[in-house]
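Colleague: Positions 42 to 1156 (the working numbering) are the ones given, in order, by the sequence shown.
Where is the CB? At the ideal position from N, CA and C, for every residue including glycine.
Since this is a predicted model, take the numbers as computed values, not measurements.
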Amino acid sequence: MAQATGWPPTIVRTAALISILGALITGIGWIFDRPRWTDWWGDDISMLFNTALCVLLCGVALLMSRWQDNPLSRRLMRICGVVVATIGGLTILEHLTGINLGIDTLLISRNWGQNAVTSNMRMGPPAATSFLLLGIAIVMTTGSPLTRRNASALTLVPLFIASLSIIGYLLDADQLYGVAKYSGIARQTGVLLAVLGIGVITSVPEFGLTAALRRQDLGGEVMRHLLPSVLMIPVMLGWARVMGQEAGLYDTAFGTSLLILLLVVLLFALLWWASSSISKQIKLTEDAHLRLAAIVANTSDAVVGKRLDGTIESWNQGATELYGYAPAEAIGNCITMLVPPNRFEEEDRIQERLRLGEKVEPYETIRWRKDGSEVYVSLTVSPILDAFGNIVGASHIARDITQRIKAEEAMRRSEAELQALADSIPQLAWMAQPDGHIFWYNHQWYEYTGTTLEDMEGWGWQSVHDPEVLPQVLEQWKSCLARGEPFEMEFPLRGVDGRFRWFLTRCRPLCDAEGNVLRWFGTNTDLEEVKQKEHALQQKTQTLELLNNVGQLLGSKLDIDELLQSVTDVATKVSQARFGAFFYNSTDDDGDSMLLYSLSGAPREAFEHFEMPRATPLFEPTFAGTEVVRSDDILADPRYGKMAPHLGMPEGHLEVRSYLAVPVKSGRGTVLGGLFFGHPEVGRFTEATERIIEGIASQAGIAIDNARMYDNLKRAAVEREELLVAERSARSDAERLNTMKDEFLATLSHELRTPLNAILGWSQILTMGEVTDEDFSEGMDAIQRNARAQNLLIEDLLDMSRIISGKIRLEVRRINVTDILSQAVETVRPAAEAKQIELVERLSASDTKIRGDAIRLQQVFWNLLSNAIKFTPREGRVEVVARQDADHLIVEVRDSGIGIPSDLLQHVFERFRQVDSSSSRAFGGLGIGLSIVKNLVEMHGGSVDVQSEGTNQGSTFTVLLPLNPTRSTAVSPDKFKLPEGDNSDDASLLAGLHVLVIDDEIDSRMLLQRLLKEYQATVDVAASAEEAFSRIDMQVPDLIVSDIGMPDMDGYEFIRRLRRRGPHEGGDVPAVALTAFARGEDRERALEAGYEDHLTKPIQTRELAATLSRLHSRA
42 MAQATGWPPT IVRTAALISI LGALITGIGW IFDRPRWTDW WGDDISMLFN TALCVLLCGV
102 ALLMSRWQDN PLSRRLMRIC GVVVATIGGL TILEHLTGIN LGIDTLLISR NWGQNAVTSN
162 MRMGPPAATS FLLLGIAIVM TTGSPLTRRN ASALTLVPLF IASLSIIGYL LDADQLYGVA
222 KYSGIARQTG VLLAVLGIGV ITSVPEFGLT AALRRQDLGG EVMRHLLPSV LMIPVMLGWA
282 RVMGQEAGLY DTAFGTSLLI LLLVVLLFAL LWWASSSISK QIKLTEDAHL RLAAIVANTS
342 DAVVGKRLDG TIESWNQGAT ELYGYAPAEA IGNCITMLVP PNRFEEEDRI QERLRLGEKV
402 EPYETIRWRK DGSEVYVSLT VSPILDAFGN IVGASHIARD ITQRIKAEEA MRRSEAELQA
462 LADSIPQLAW MAQPDGHIFW YNHQWYEYTG TTLEDMEGWG WQSVHDPEVL PQVLEQWKSC
522 LARGEPFEME FPLRGVDGRF RWFLTRCRPL CDAEGNVLRW FGTNTDLEEV KQKEHALQQK
582 TQTLELLNNV GQLLGSKLDI DELLQSVTDV ATKVSQARFG AFFYNSTDDD GDSMLLYSLS
642 GAPREAFEHF EMPRATPLFE PTFAGTEVVR SDDILADPRY GKMAPHLGMP EGHLEVRSYL
702 AVPVKSGRGT VLGGLFFGHP EVGRFTEATE RIIEGIASQA GIAIDNARMY DNLKRAAVER
762 EELLVAERSA RSDAERLNTM KDEFLATLSH ELRTPLNAIL GWSQILTMGE VTDEDFSEGM
822 DAIQRNARAQ NLLIEDLLDM SRIISGKIRL EVRRINVTDI LSQAVETVRP AAEAKQIELV
882 ERLSASDTKI RGDAIRLQQV FWNLLSNAIK FTPREGRVEV VARQDADHLI VEVRDSGIGI
942 PSDLLQHVFE RFRQVDSSSS RAFGGLGIGL SIVKNLVEMH GGSVDVQSEG TNQGSTFTVL
1002 LPLNPTRSTA VSPDKFKLPE GDNSDDASLL AGLHVLVIDD EIDSRMLLQR LLKEYQATVD
1062 VAASAEEAFS RIDMQVPDLI VSDIGMPDMD GYEFIRRLRR RGPHEGGDVP AVALTAFARG
1122 EDRERALEAG YEDHLTKPIQ TRELAATLSR LHSRA
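1) When you compare the CB positions of G231 and I242, do they come within less than 8 Å of one another, or not?
2) Please state whether the Cβ-Cβ distance between A93 and G68 is less than 8 Å.
3) To the nearest whole angstrom, what separates the beta carbons of L1002 and V853, a pair I think is in contact under 8 Å?
4) Once you ignore the five residues that flank L212 on each side, which residues in its own chain have a CB closer than 7 Å to its CB?
5) The alpha helix (DSSP H) that contains I66, what's its start and end?
6) Work out the CA separation of L303 and L397 for me, nearest whole Å.
7) Using the Cα positions of E874 and G938, report the straight-line distance between them to the nearest angstrom.
8) For Q1076, which of helix, strand or coil comes out of DSSP?
9) R560 and L551 look like a contact to me (Cβ under 8 Å); what is the Cβ gap, rounded to whole Å?
10) So within the stretch 344-431, which uninterrupted alpha helix (DSSP H) runs reach at least 4 residues, ignoring any that extend past its ends?
11) In the DSSP output, which residue or residues are listed as bridge partners for M809?
12) Quick check: the stretch 986-1006 against the stretch 928-937, are there 3 or more CB pairs under 8 Å?
13) Where E760 and L754 are concerned, what is the direct C-alpha to C-alpha distance, given to the nearest angstrom?
14) Taking all protein chains shown into account, do 16 or more other C-beta atoms lie within 10 angstroms of the C-beta of A729, making it buried, or fewer, making it exposed?
15) What first and last residue would you give for the beta strand (DSSP E) that runs through T999?
16) Name the one or two DSSP bridge partners that D888 has.
17) Got a sec? Which residues, its chain only, sit under 6 Å from L104 by beta carbon, not counting five neighbours each side?
18) By DSSP, does D926 sit in helix, in strand, or in coil?
19) Give the C-beta separation of S699 and R680 to the nearest angstrom, bearing in mind that I take them to be a contact with Cβ-Cβ under 8 Å.
20) Nearest-angstrom Cα distance between N1005 and G982?
21) Quick one, which of V53, N993, G122 has its alpha-carbon nearest P942's?
22) What would DSSP say about R1126, mapped onto helix, strand or coil?
23) So, is I910 buried or exposed, given that buried needs 16 or more other C-beta atoms within 10 angstroms?
24) Could you say which of L971, S193, S341, R1098 lies nearest to T251 if we only look at CA atoms?
25) Taking only three categories from DSSP, how would you classify L469?
26) By alpha-carbon positions, which one of P691, R645, A643, G621 ends up nearest to V703?
27) For A523, which residues of its own chain have a beta-carbon under 6 Å away from its beta-carbon, when the five flanking residues on both sides are left out?
28) Mark W82 as exposed unless 16 or more other C-beta atoms lie within 10 angstroms of its C-beta, in which case mark it buried.
29) I'd like the ranges of any beta strand (DSSP E) spanning at least 3 consecutive residues and lying wholly in the stretch 706-743.
30) According to DSSP, which residues form a beta bridge with Y638?
31) Specify whether the stretch 345-358 and the stretch 442-452 touch according to this definition: at least 3 beta carbon pairs, one from each stretch, less than 8 Å apart.
32) Restricting to Cα atoms, I'd like to know which of G491, V1062, E405, L426 is closest to Y417.
33) Pull up the distance between the alpha-carbon of S959 and that of G1107, whole angstroms please.
34) If you draw a straight line from the alpha carbon of A923 to that of M1087, how long is it in whole angstroms?
35) By alpha-carbon positions, which one of P1111, T1142, P166, E1144 ends up nearest to G1131?
36) Roughly how many angstroms separate the alpha carbons of G129 and I140, rounded to a whole number?
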């Protein structure tokens, strides 16, 4: 509900604050036994505590009415109103029935201030009635408009009771303010009731007395002027009459006569003032109507008045002249007589807006004359309001704009004819104001430049000029404008294709009789063909001079690098490319093939941070030597932009539109490399240019062959000695790698089979008979957990495979390394928190950016952080530090973990190398994670190092990444293959047997326990060899199933110790080794240690059950 503005909110707020203050003073008086605070006039008639409470609640409700749009405020107002009405209603009930309900002394009971009460602390019937009605009225003010209207009327009763009380006290007429038994009311109660009544009435400003006072018409003005006099003067006269009689100035009869006479004079004066005001207002209204009628009658615009149903009520002379109807013909008819049938919907929309009280601003439309012709009008429609603000009709004001519309159409035709004439000439044409502001161009201008008038208007034409020539153009153009002289100049303009063409520009002024420039007319004539012919002649002369020197230059160079640079410089200059490059195949000191390049026309820094050219559809023909590639516009070439990740030129590359690439071959036809040229403009390389560059490429190929032959002869002797050394080193490396391969394959078998065991076993359980929801959830969790573990192993293997085969590729871009480092830290934080490890970040290089692959660097940091957390005991500490020096970004990962022995520090980054590769190692893994880290960091041009003081002294891994990385190279060691697994399933065989299962992996333990129970076996489990001995000491099992790879004591040591025991201590219990170590030597070692059989993971359920049954039968 909308809030009132102006003076009503102020009165409501003031009444609320007065009531709350008066109630609080009275309440404090009762609580702290201060009679004078409850009896403000000292007549021993106190405002009672319940009365003060009702006044307080009414004041709070009035204060909350300011926020009636808030549901909570409305709810609080209703609560206050209900409580007040309840107190008033119950008090009236006590008066009517004589029953004491106990509400009068429920909160406070005193013996003083009871001069006008019928019962101790009970408010009188007038006050109770007033509060009953006030409470109801307050509740009604929160409701619908109808209930709010009734609330305003209902409040008049308490206001009347309060007025009787106040006047009675003022005139000392106790019949008015109460006989104790029936109508006792305290003086301050009457005052506060009057204040509350005024506040409640004012809180409903849209109805009743407040609405009348707020009206802006004559009635509202009269109300506002007369109300103070009507309220105050009779009271003052009555008081004066009583005071005069009490002073003995006159008796009752004379005093009453005098009061009546004064009241008659007062009423007559008020009547005379109201009559004068009304007459004056009527006269002003009539004058205004006469002036308005005169204006309407004499205006040339058509002014039509209508009712809301569309019936015409008034028709001025302008309407007769515009539409052709006399007033008698129009008045009484519908306004639609003027509306063409195809515009009836327009009139309907006007009617809808009028009903909403909206004005229709001037708009252009068509109306009908009496003779059936159409007339263009500008129409304005405004609602007409009566004295009470109700919409009773509308005025239509129409202005004839037919001549203007026709003139505009003629102007458009003229402009179209001029445009057609200008568009028919081949030149670019334009017109400008005397100050040089160009406001019109012909079609050829827009077609050539690809611009619009919005782009070019004024001085926007500068955007299509060559920036190098524009200053001279502006200087000469402004000079001609200042002197009023013709302008003529040759300069290039850029076309829609981005290319510049030369134009001859002429501009002539149109002057008046006094010689003042009225307008400029200019044209631009294309001179490109003439300029090209001049330029071609100059190029041929320069080319001949260059070619005369090429043969001598190439023949004199023996240094290969100097030779290639000379070839690149000469070819770039001949082709007139913006830049040129010679990419050529070479070998380094180790004999490895590499792609190098020389540049001309651009600094080397412009290409150093890009990858070498790949076998894209544009590059491949050149490196293959199959054809010359020439493209007038590479962006339009169908071979361009087909290869990820850049799909075209990488970001930051020099702009290339024209492209030329010529293969360079040796005398025997071998492709040595290619010459590549680029230019930011289209169509720069011609067929003649291509033939010249092909000739230079042929000469360069022969010269390169000669230079390389000379180098090869010098290198041959050195290479023979190096080959002998390399052969001996290769044999030693092969033997070492063979040993590492065997160890790696054994570890790989264990790491892959362990999660496969849990996955396969739980899969078999979930397909056997009925499975509970808890079993199903537990099994699925175990399968997913072990599948993720195996996925991580496979991802590491695939990454290592890509690295050693040289197939890994970096997606290089500008990245913020500290952001990537923070993401890696957040990824491993749950693992750290699970072990209560303190994970600390100190990233001081927060704004440092380098070029690198964000995903691979995150893999590097995650690997280092994961290792740090894995090898750090519970409640340890892992710290990540990022800083930078002049050339590098430095990242350190420090932990307080198990450390690295000094003799193994130099081997931690070797593939397949682990600190502990024995079967009793406490931590899993393949030993390739740190090798992947080292390779990825080196591919970014960086390095990684490790420091450790020794066992249990923690370790620190340091990664150095260059701030300006150079291009990296990849190595390609041998590949290797991974083993595969198998699975199977069957039913029970072990009824009544007691089996002890030993495995440090919880998933494997729980899986074996469940599988063996399916075969009706009684199963105990142990997480380590020590726990297994404890369980054997408590009860010797019938059979034992043990893992091999366990921490502290592996399966081999366990079985050896068990076999040293006597038979009654479990020394002869049949035992099966169930392990992921699956080589033949692993089986032999298990049997030699004391196991009866050796089974491999993943587990084969039927095989395990059959083996255990067989061993028990044999025992």
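Modeller: To lay it out plainly:
1) Taking the first residue of the sequence shown as position 1, residue 231 is located at position 190. Taking the first residue of the sequence shown as position 1, residue 242 is located at position 201. No, the pair does not count as a contact, with Cβ atoms beyond the cut-off.
2) What you label residue 93 is simply residue 52 of the sequence shown in a count that begins at 1. What you label residue 68 is simply residue 27 of the sequence shown in a count that begins at 1. The Cβ-Cβ distance between A93 and G68 falls below 8 Å.
3) For the purposes of this step, residue 1002 is taken as the residue at position 961 of the sequence shown. For the purposes of this step, residue 853 is taken as the residue at position 812 of the sequence shown. The Cβ separation is near 12 Å, so there is no contact.
4) Here residue 212 is taken as the residue at index 171 of the sequence shown, counted from 1. If we look at L212 and ignore the five residues flanking it on each side, its Cβ neighbours are G279, W280, V283.
5) Translated into the one-based positions of the sequence shown, residue 66 becomes position 25. 48-72 is the span of the alpha helix (DSSP H), which, as asked, contains I66.
6) Indexing the sequence shown from 1 puts residue 397 at position 356. Indexing the sequence shown from 1 puts residue 303 at position 262. Taking the CA atoms as reference points, L397 sits about 51 Å from L303.
7) Taking the sequence shown and counting its residues from 1, one reaches residue 874 at position 833. Taking the sequence shown and counting its residues from 1, one reaches residue 938 at position 897. Approximately 15 Å between the Cα atoms of the pair.
8) Residue mapping note: residue 1076 aligns to position 1035 of the sequence shown, counting from 1. Coil at Q1076, not helix or strand.
9) For the purposes of this step, residue 560 is identified with residue 519 of the sequence shown, where counting begins at 1. For the purposes of this step, residue 551 is identified with residue 510 of the sequence shown, where counting begins at 1. Going by Cβ atoms, the distance from R560 to L551 rounds to 5 Å, so yes, they are a contact pair.
10) Secondary structure in the stretch 344-431: the alpha helix (DSSP H) runs of 4 residues or longer, each lying completely within the stretch, are 358-364, 368-371, 385-396 in chain order.
11) One-based indexing of the sequence shown puts residue 809 at position 768. Answer is none; M809 lacks a bridge partner.
12) yes
13) Residue mapping note: residue 760 aligns to position 719 of the sequence shown, counting from 1. Residue mapping note: residue 754 aligns to position 713 of the sequence shown, counting from 1. Near 10 Å, if we compare the C-alpha coordinates of L754 and E760.
14) The residue you call residue 729 lines up with position 688 of the sequence shown. Under this definition A729 is an exposed residue.
15) Translated into positions along the sequence shown, residue 999 becomes position 958. First-last of the beta strand (DSSP E) with T999: 996-1003.
16) For the purposes of this step, residue 888 is taken as residue 847 along the sequence shown, with counting starting at 1. BP columns for D888 are empty, so no partner.
17) As a working mapping, residue 104 is identified with position 63 in the sequence shown. A57, listed in sequence order.
18) Against the sequence shown, residue 926 aligns to sequence position 885. D926 falls in the coil class under three-state DSSP.
19) Against the sequence shown, residue 699 aligns to sequence position 658. Against the sequence shown, residue 680 aligns to sequence position 639. Contact between S699 and R680 does not hold, since the beta-carbon distance rounds to 15 Å and is not under 8 Å.
20) Mapped onto the sequence shown, residue 1005 falls at position 964. Mapped onto the sequence shown, residue 982 falls at position 941. Roughly 9 Å between the two C-alpha positions.
21) For the purposes of this step, residue 942 is taken as the residue at position 901 of the sequence shown. Closest by alpha carbon: N993.
22) Position 1085 of the sequence shown, counted from the first residue, corresponds to residue 1126. R1126: helix per DSSP, three-state reduction.
23) In the sequence shown, residue 910 corresponds to position 869, counting from 1. Label assigned to I910: buried.
24) Walking along the sequence shown from the start, residue 251 turns up at place 210. Out of L971, S193, S341, R1098, the CA that lies nearest to the CA of T251 is found in S193.
25) For this step, residue 469 is matched to residue 428 along the sequence shown. Three-state result, L469: strand.
26) For the purposes of this step, residue 703 is identified with residue 662 of the sequence shown, where counting begins at 1. Among P691, R645, A643, G621, the Cα nearest to that of V703 belongs to G621.
27) Taking the sequence shown and counting its residues from 1, one reaches residue 523 at position 482. Excluding sequence neighbours, A523 sits near nothing in its chain.
28) Residue mapping note: residue 82 aligns to position 41 of the sequence shown, counting from 1. So W82 ends up on the exposed side.
29) Those beta strand (DSSP E) runs which fall completely within the stretch 706-743 and span 3+ residues are 712-720.
30) Here residue 638 refers to the residue found at position 597 when the sequence shown is read from its first residue. Answer is F624.
31) no
32) Translated into the one-based positions of the sequence shown, residue 417 becomes position 376. For the residues G491, V1062, E405, L426, the minimum Cα distance to Y417 belongs to E405.
33) As a first step, residue 959 must be located in the sequence shown, where it is residue number 918. As a first step, residue 1107 must be located in the sequence shown, where it is residue number 1066. Confidence at S959 is low in this model, with a pLDDT of 47, below 50, so its placement is unreliable and the value that follows should be read with caution. If you take the alpha carbons of S959 and G1107, they lie about 27 Å apart.
34) In the sequence shown, residue 923 corresponds to position 882, counting from 1. In the sequence shown, residue 1087 corresponds to position 1046, counting from 1. Approximately 38 Å between the Cα atoms of the pair.
35) One-based indexing of the sequence shown puts residue 1131 at position 1090. Nearest option by C-alpha distance: P1111.
36) In the sequence shown, counting from the first residue as 1, residue 129 sits at position 88. In the sequence shown, counting from the first residue as 1, residue 140 sits at position 99. Cα to Cα, the separation comes out at about 15 Å.
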